[in-house]
Amino acid sequence: AHRTWIDVKAWFTDGRDKSAIISEVHLGEEALIKLYETAIEDSDIPLKLRDLLHAQVKIIKEQNASVDAI
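Using the working numbering, read the sequence shown as starting at -14 and increasing by one per residue.
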């Protein structure tokens, strides 16, 4: 976890363009959303789990939209 924090901190302090950072965050979120949507489409998962995944992906999409607004 510490190494990850150092890597994240480096992104913000080594002169990188913030739009490049936001673009990387957006790409990661889009990949995550696709994984959720694939899981939701699986007819073998229980309804309660599908409902939970729907709720979580909704939050992820909202947060991803807020990243786009930055």
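Ideal Cβ placement from N, Cα and C applies to all residues, glycine included.
None of these values were measured; they are calculated from a predicted model.
For residue i, three-class secondary structure by DSSP
i       : result
Asp27   : coil
Asp(-8) : helix
Asp36   : helix
Whole-number beta carbon distance between residue j and residue i, since they are thought to touch under 8 Å
i     : j     : result
Glu26 : Asn49 : The Cβ separation is near 19 Å, so there is no contact.
Ile45 : Ile18 : 6 Å
Leu38 : Ala16 : About 16 Å; that fails the 8 Å criterion.
Val52 : Tyr21 : Rounded, the Cβ-Cβ distance is 16 Å, inconsistent with contact.
Residue-chain proximity (residue i, chain E), Cβ-Cβ < 8 Å
i     : result
Leu32 : Among the protein chains of the structure shown there is no chain E, as only one such chain exists.
Separation of residue j from residue i, as counted between CA atoms
i       : j       : result
Phe(-3) : Leu12   : 17 Å
Lys33   : Lys(-6) : 38 Å
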